[in-house]
Every structure is written in structure tokens, then in C-alpha cells.
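For the sequence shown, our numbering begins at 2 and goes up steadily by one.
Cβ atoms here follow ideal geometry from the backbone N, Cα and C, with glycine treated the same way.
Let me begin by presenting the structure, written as C-alpha cells, before commenting on it.
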Amino acid sequence: MNNLRERSPLSTGSKSHQEIDIEDDDIAIGYDEEVDDSDDDSTTTDQEDTSTDDDDNDNGQSHRQHQHQHHTKNEIHQHLLYNIKKKNQDNDRSSSSSNGCFKRLILQTGGGTTKGGINSYKRKNITCLIGTLVFGISLFLIVMLLTRFPLSYIDHEDYSDNILSSYCAHLSMESDQVELSKNQCSFLQHQHQQQQKHNNNNKNNKNNNNIQNNNTIHNYECNPSNLNRPQYQYKLGGLEYEGKDPFSCRPPVVSIIVPVYNTPKYQLLEMYESVNRQSLQSFELVIVDDGSTNSETINLINDWEKSDTHVHIQKHSSKRGLPSARNTGIKQSRAPYIFLLDSDDMIEPTTLEKLVWKLETSPHIAFAKGWTVGFGAQEYVWEKGYEKADAFLYENQVTVTAMFRKEVFFENVHNRSLAHYSGFDEQIIGGMEDWDFILKCANNGLWGETIPDHIDIHNHLDKQVPRCLLILPWLNTGGADKFNLNFVRELIIKGWDVTIVTTLQSSNPWLPSFQKLTPDIFVLDNFLTTEDTPRFLCYLIESRKIDITLVSNSELGYLFVPYLKEKCPFSAIVDYVHMEEDHWKSGGYARYSLSMQSTLDLSIVSSDHLKEWMIKRSMTSRLKQHHYREKKEKSNQERGGNGTPTQTHQPMESAIADNIDVCYVNVDMKEFQFNIVDRNRIRELYNIPMSTTVVLFAGRLVEQKQPKVALEVFKKLIENDVTFNAFIVGDGEQRDQVEEFIQRNGMQSVVKILGDVPSEDMPAIISASDIVFLPSAMEGISMLFFESMAAGVIPIGRSIGGQHELITADEGELLSFPKHHDGPEYTVPAYTERLQHLIQLSPREKKEKSLACITRIATYFTIEMMSESMIKSFCKASYRKRMKESGSLLSFMDYPIAHTGKSNRPKKIVQTAVPMSGFGDINEHNGDGAGDDHQSVFGLHNVGVGQELAIQAIESIKWQKKSDAMWKTLEALKKQVVDDKPYHNQCDIDKADGDSLKTNLQQLTKSHTQLQQEFDQYVKENEDLYSKYQDTLESLRKYQLQDKEKGKINIQNNDDD
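What follows is the structure in C-alpha cells.
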């Protein structure tokens, strides 16, 4: 893999896939012999067939030292015969070489000038030859001049790639098309609407364990060896390896180690088929026969070794176990990366490629793997990996199917004298040897990462058909994504290979639909960092020999266009723009497209409106710069009149227009034709009478699509006692608000929320509808309108973008609103009035509009027209690229904006930075606007600036991601505040209650204090009274005693008496 790093486009640039490295020893400089003036005959002995290569080199050096040579007629014939003979010998020697490396032979023949004799004869021949050459060159120039501007781009055969050239040249002829099987499958599949509804009603059903939250299910029958899987022509190309080892010149990138012991034939064939379908073909398959006794197994792997140069077999005389077999294979491997695979397992087509790039761009890890899928008797999805390292102490979390750096299996790799193999423990026979090895790696400080993909570099692939690379943001639900899906399908039907790259983090709900069409899909966020994205894109272009690179709605893709153009210029680069977005980066992706016109070979837009917008925007910006500079140089009188030389604008505008093609997104009428069965089924499912008008709103539930406006209109219609039902299809950030609005206003019986519907179910839902309503704030031309009109559904929406190019008054309604009167207070009443009018049309009037919709689509907007137009634009882009490289194409960048009497070419190329986070005017100049008067319309990039722009873009993206993360955090906090507001309000109430209770408590405390004081006073008084009582009682007791004593005395006296 060091080879890949050295060829990294970000570090040293890249080579064309047609280049062949040549060693110095392989170049023969010349075969001319020196002729001595004193002895002409002496030269003949030096030109015998026995001359060695050293003599040849010496003679070549001697030839370069002499300016004049003298030859006889015989010597000339000897010289020519010698060269021919020597060249044949070298060719024979090169073709018989066992290493399979091609060598380039450079022949350098000399001449001389002497006087008289044979030299006069020679001069005549030279004069004749020169005359012939001049005539031929003149004829060639005349032909080139006549064919410089062909009548049709598809008729021109001078393309950089012979396959695309042939394809474009015969485009107008009827050719065989690839017929897509109706049984094409992918492992991930959408749930059907009925199954989704059933599952929602049975959430606790144990049979639904395999259903994920993103409305996908697993098709376990569609394993990597299934013949119904989509195919991509992966085959190692660039050299002819028939019967030879393809890796004799350079090592493979990956060594696949497969231990075999009496494995059943069908399992071996499935494994072998999945390996052969790999997108990375620079691999060797090392099969270790661990003492198999099954003759069928032995014969099969032996046949592979004889017929397939990728296969190498190592044999054990007896069974030694899996650890020993893997160790044998690893020791015999030649690649820097080791991929371990069991003989009864299979891998997805892009497994090796993704894992290699994961390790190549992640130096901090030692191994990597993907998620695991169980087929056969036990079907399961294992989505655990290396992320929870602590769990490995208790249970093995992964299977052995993983890719390792080769040095992981060796100790002291940095010291050759001490390096030794340290792989699997061969004493562990009963299993768990892979778990033991992973723990040993962890103990040595080595660990891995998992690619969240079911998948359980020097890679030049052969090519038989044209190839297209699509750089997209994601594979989500939406009109642009539906166009991408249709276009990929049409390209494959037309015989193209398609590679897809997504650049944004997403769940990609439509990934299963794309996987049914092509296996060559790379979700970059799963295995690659932003820093390595441009290098990987360049790798894809080089390895697959991509003819057309198409960028659409991908900000990252646009930012890396200059880099791709500079580092891997083999592919023509085009973009597809759906609409302008004035509220995002001064025009959105249309603005990006304008800023990249110097590097794009062609721009394709979705409507004439968008083309006119781009032309007007570019001309306005160009004129602003020109007038600013002219104002500083001349006065209005010197310029004559108002200083606006309009007579020179037309060529400029024409050149810009020629660089922009229009191709409508269109629709497949077979897919969206009206179906009465589907109409009845969907209406019965939602209990809607057949006579009731159904209004459809479908799209992402975001501000751009205006779902709140649609709900306000539905509310007004209900208040006006209009009988209708409405479907809302889609998902997005406003989903909760939409549901809350419907519930709060009691609209559940009229408005049905269907959620994010799989693309396969949309034709049925459209057939069940009568009117499609989409009040978007921004659109190019809505894909929903194309699809609905194909089924005869009447459209109503806003006259924005190019929608008036699709919808006329005969088919539906488009409403226009002035710029300052486009708020809900103006749009809702207008939409309500027109939608109510359409709902209350008579059945005959509705049928007339429905037929008009179908007729218009069938006449102007079929998917076949779209694919034909797109491929013609591809051919045009390839032609323009070729003409730009040859300097034969006079593009808009060669036109001056005004006549000044100077050269049309700029004296100084002013570098224009790629737009990052914000935009000003196109080609904003530095400082006070000083610059060359004839700077190109959109700016030109100096050689080498693409790499610098890519680095700047990467840094900008890093900061943008941090900013986005902060905004998301802020939005989450805002949402939390809103959600917590009722609790905050309750807290305020509780606080008021607490304050009241506190006041009451203070009052009670005060009362208690007073009572306590009174009580203390009362106690004191009681104590005093008690003391008095005691005193009184004591006095009384004394009196009693005294009385008692007196009584005794009296008694005694009486006794005495």
C-alpha cells in the first residue's frame, strides 16, 4: 500500500492510468554506428548482429558526440536492417518475459550531411519526404479546421476515451440496451406500506425483530453470490495478464487468507464468487488446504489455481487446525494488508476497498471490519464491533472476518534482525483463537474500528462500457434524489457502469433502491475522513477510468472540483443544478456552479428559467467588475455615451449559454401511470369514499416546502364546509409541528399523515389522489408535479422557478405573489380560493384537466427524453474537454467584455478562491478592484492551485462542522427551553404559593411568639399564685396545729374536771 501513498494526489500528484513506469535499463538510446572519415569500410564490422547492448549504448553516446556522419549506400541499408532486426529481437525478448511487465523501446536513428554521391541522392529523398510531410500536415489542418465545430457533438469521434467515443458516435443508432431484471435485489429493502402499517399496530410482535427504525428490512436470500444482485464490471485492467502472475511487478494490495478443510463445494463456490466480485481487484487469494480428504474440495481449489492467477494454494500434509492454517497463509502472503475469510463466508462487493481505505487513512488503528450478517439456517444482523473495547474482556464481539495491517502479525518489525512472526496461537484448536489474538493485540496497544456497513490501492479496473461517477450529498427522500434514482436506472439500461459517492452524514433511507441498480456505492462518512475525501475521489476516477463525473447538490463535491480537474483530469466534470436559492449562499448550488465554470466542462440545469438566471447573474457580475475598472481609467465622454458597450455583450452571453445545457428531470410514465386497483386499495385502507376528492401534499416537512401553509389552507377549506380528504407524505424537522397542528385543530379525520413513504409505494398513493398541492417557497420544477401529472393528477402550486415550463392553464393552477406580499396572510386565502375551485369542478372538467396532464407529460417530459438529453450532454462535455485540452475550443473565457484594442487573453491570471462559507459577487476582486481588464468571466486557476483550494476547503469544512454542531446544540437548548416552559410556569406558580406560605408562616411564627410570651406570663403568674397558695396552705396548717393543740388542752382540762 506504500505504492498508493506515494501516488497520493494530495502529496505528489497522480499519474494517468495509461502511463507505464519505465526503468532506465529498459531504454535503448540508439543503434547508429559511428563512421570514421578515414576508413569507411570499418563500420561494417561494427554493425554485425552479434553486437551487444553495451555496444549499443556506447554507439548511442558516440552518436550524440558527433555532429556529422558519412555513410555509403550499403551502410544505410545495413543500418536500417540492423534497427529492424534489433527491434524485433527486443520485442520478442519483452513478449517472452515471464514477469509480464511491459517495456517501452525508444529508437533513435541518426543522419548525416556530406557532399556528393549518395548524399545527393539522400538530399533528394529528404526533400521529397519534407514535401510529403508539409502536404500531409496542410491537409490535416484543413480537415481539422473544417471539423472544428461539428454539427452534432455525438457525431464527433475525437474523444479522450475510445469507449465513450464509440458510444457517443453511435448514440443515434439503435443499440442493444441492458434489460433490468424485475427480480433485482439488495440486502436492505424498504418495507411496503401495508407491512409498515401492520407493524405499527403490532409493536410487541416478536416476529418484527428484524425491522429497523428507518423502515427497512433485511432480505437474507439476497446474499453477495445471488445472481439477482446488480453487477459492475470489476476486472483488473491496464495489462494483459493471460496465464501470468499479475503481481510479479508490484505486490497486491490485499492478501485474502482462506483456510479450507473439506468445505462443501457449494459453500466454496459462494465464497469464491463473492471474492471475484470485489471492486478492489488488486488482491491475491491464498487458500490453505489444511489436509483436506474430500476429493471434490481438493479438485475444485486445484482448478482455481490453474485457471485464476489470483489464487495460490498452500497445503498441509495433515490437519493442523485453523490457527496453523491462517499462520501459514499470512507467512506466504505478499500484500501489506491481510484479510481473513472463512471458506463458508461471503463478503459484499466493496468490502476490501472500503477496509483498505479505512486503514490507509486511519494510521492510529491496526485493523478494521464491518457489520456481520448471518445467512442460511440462522439469520441475524450483528452490528457490534470494536467500539466497546471493555466488552471483549467478557465476550468476543466480532468475527474473524477483518482486515489487518501485516505488521500486526510480527514483533519488532522495525528491527529486521529481531523481527519474528507472532500470529495465532496454534495450541488453541477448539476455537476462540481469534478472540485470543484480539486480546493479545490490545495488550500490545493495538486496536481497530468498525465500519457501520454490512460488508462482512492501486486498482486499475478493466473497462468495457462508459462509466459515470455521481457525487451526491445523500440518498434521502426528495425530488432531487428521485431524479438521481431515475437517472442511474436509465444509465444502466443504456449500458453504463455507475459509481455513487455520498458526502454528508445521513441514514440514507433510499440506499436499498440504489443498491438494486449498482453495487459500487460509497457512503464516505462510514469509513473516510473529510481530509481524505479528495484523494479517494481521485482514486475512484483513476481506478475505474471514469468518463463523466457528475456533481449534484453536494457542497463538498463542488469544493473539490478544482482539485479533481488538476490531479485526475481523465474524466470530464459536469454538474446538475435543480434550482437557485437566493436565501442560501447568494444563489445556492447554482451559485456554486457559476463559480466553477472555469473547471466544469459543462453545466446541466433543470429548466430554461434557471439557465437564464445563471446567464443574467454571470453577466451582471462581469459588468460590475468591468465598469468599476473602466470608471477609474476613462471618463464617460472618453468611453462614448454611457460607457456600456452593449455591442460586445452578445458573443460573451452566447459563450456562457453554450456552457449550460437544459435537461428536465421528467418522469417514467410506466411507473406512474394511473392504476384503478391501487386507487381503490389505498382509499379502502384509509376509509375514504371513492367519490371524495383527495388532495396530496408530498415532500420534506421543512420550511422550503411550506407544510404549515398547506395545513392552514386545509383548515380554511374545512371551515368553508368543503368535502375532501388530504394525504401528507414526507418527514422532516417540522413533523412534530405538523402533527401538533392537526391534533390541536381536530383535523385527524380529514388530514392523514402517512410519513416517509418508500418510493415503491408513491405511484399507488398518487393514483389514489385527485389534486396535488405543493405551495413551496423555492423550487426548480417539482418532481412531484411530473409524477402526479403522469397519472392524471391535477397540480396546483406557486409560479416559481421553471414550473411554468411544465404547467399551463390547461393542466392546473400556478399562483404568483409579489415579493412583499408572499407571507401566509396573502398566500393562504389565494390558495384556499383556487384549491376550493379545483375541488368543486365537475367530474367532466376534472377528467379534461387530467387527460391534458397526461398528454403534456407524454409529449414533452418522458424519462426516455431525459436520459437521451443527459447522455448527449455527457458526449458534449467530453468533446469540450478534449477541445479545451487541445486549445481548439474558443470558450466564453476568450471573449472580452468590451472592446479596448488589447489582446483577448489575460496578461495575468487572477486566482479566484473557491467559495467556502459565504458568497459575494462572482469573481470578487481583491482590494479596490484593480486587475486585468480581460480577466475570465469566472476566473482561472493556476496549475497547483486545486490542491491548495482543497486544503482550504477541508479547513473550512472543519470549522463549518464545528459551527453546525454549536448551532445544533443551541437549537437543542432552545427546544429544551420551549419544552420546559410549562414546568417553568409551574415553578413560578409554586414559587408564588411558597411565598404566600412563607408569609403565613411568618405570621404564625409571630403569633406563636406572642402566645409563648403570654403563656410564659401565665405560667409565672400561676407560679406566684401557687407560691401564695403554698404559703396560705402552710399558714392554715399552722393554724390547724394551733387549734389542735388548743383542743387537746381543753379536753385535758375537761377530764380533770
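Where residue i falls, given that 16 or more other Cβ within 10 Å makes a residue buried
i, result
"residue 996", "exposed"
"residue 1", "Only positions 2 to 1058 of the chain appear in the structure, and residue 1 is not among them; the question remains open."
"residue 358", "buried"
"residue 483", "buried"
"residue 690", "exposed"
"residue 354", "buried"
"residue 780", "buried"
"residue 1026", "exposed"
"residue 399", "buried"
"residue 966", "exposed"
"residue 69", "Note on residue 69: pLDDT 40, under 50, position unreliable in the model; the coordinate value appears next. Exposed, since its Cβ has fewer than 16 Cβ neighbours within 10 Å."
"residue 568", "buried"
"residue 72", "Here the model assigns residue 72 a pLDDT of 42, short of 50, so the residue's position is not dependable and the matter cannot be decided."
"residue 282", "buried"
"residue 535", "buried"
For residue i, the first and last residue of its enclosing alpha helix (DSSP H)
i, result
"residue 488", "480-494"
"residue 573", "Per DSSP, residue 573 belongs to no alpha helix (DSSP H); it is in the beta strand (DSSP E), 573-578."
"residue 534", "534-545"
"residue 333", "323-333"
"residue 362", "That residue, residue 362, is in no alpha helix (DSSP H); it is neither H nor E in DSSP."
"residue 837", "825-840"
"residue 436", "434-444"
"residue 230", "No alpha helix (DSSP H) holds residue 230; DSSP gives it neither H nor E."
"residue 723", "Element bounds for residue 723: n/a, residue is neither H nor E."
"residue 296", "296-308"
"residue 222", "Careful: residue 222 lies outside any alpha helix (DSSP H) and carries neither H nor E."
Those residues which DSSP pairs with residue i across a bridge
i, result
"residue 421", "412"
"residue 404", "340, 369"
"residue 728", "697, 753"
"residue 452", "371"
"residue 816", "799"
"residue 878", "Residue 878 is not bridged to any residue."
"residue 604", "576, 661"
"residue 863", "668"
"residue 786", "DSSP lists no partner for residue 786."
"residue 582", "588"
Three-state secondary structure (DSSP) of residue i
i, result
"residue 744", "helix"
"residue 504", "coil"
"residue 934", "Summary for residue 934: the model assigns pLDDT 35, below 50, so the residue's position carries little reliability; its value from the coordinates is reported in the next sentence. Note: residue 934 maps to coil in three-state DSSP."
"residue 769", "coil"
"residue 276", "helix"
"residue 686", "helix"
"residue 739", "helix"
"residue 519", "coil"
"residue 549", "strand"
"residue 376", "coil"
"residue 673", "coil"
"residue 498", "strand"
"residue 524", "strand"
"residue 775", "strand"
"residue 588", "strand"
"residue 387", "coil"
Run of the beta strand (DSSP E) containing residue i, from where it starts to where it stops
i, result
"residue 260", "255-261"
"residue 313", "312-316"
"residue 469", "468-473"
"residue 319", "From DSSP, residue 319 is part of no beta strand (DSSP E); its letter is neither H nor E."
"residue 284", "284-290"
"residue 382", "381-383"
Checklist line | Given 8 angstroms, three or more beta-carbon pairs between the segment 314-321 and the segment 282-291 | finding: yes
Margin query: Taking 8 angstroms as the cut-off, does the segment 322-333 touch the segment 253-261 (at least 3 CB pairs, one atom from each stretch)?
Written below: yes
Next item on the list: Pair every Cβ in the segment 860-877 with every Cβ in the segment 446-455, then say whether three or more of these pairs are closer than 8 angstroms.
Entry: no
Notebook entry, point to check: For the segment 540-547 against the segment 829-843, are there 3 or more C-beta pairs whose distance is under 8 angstroms?
Noted result: no
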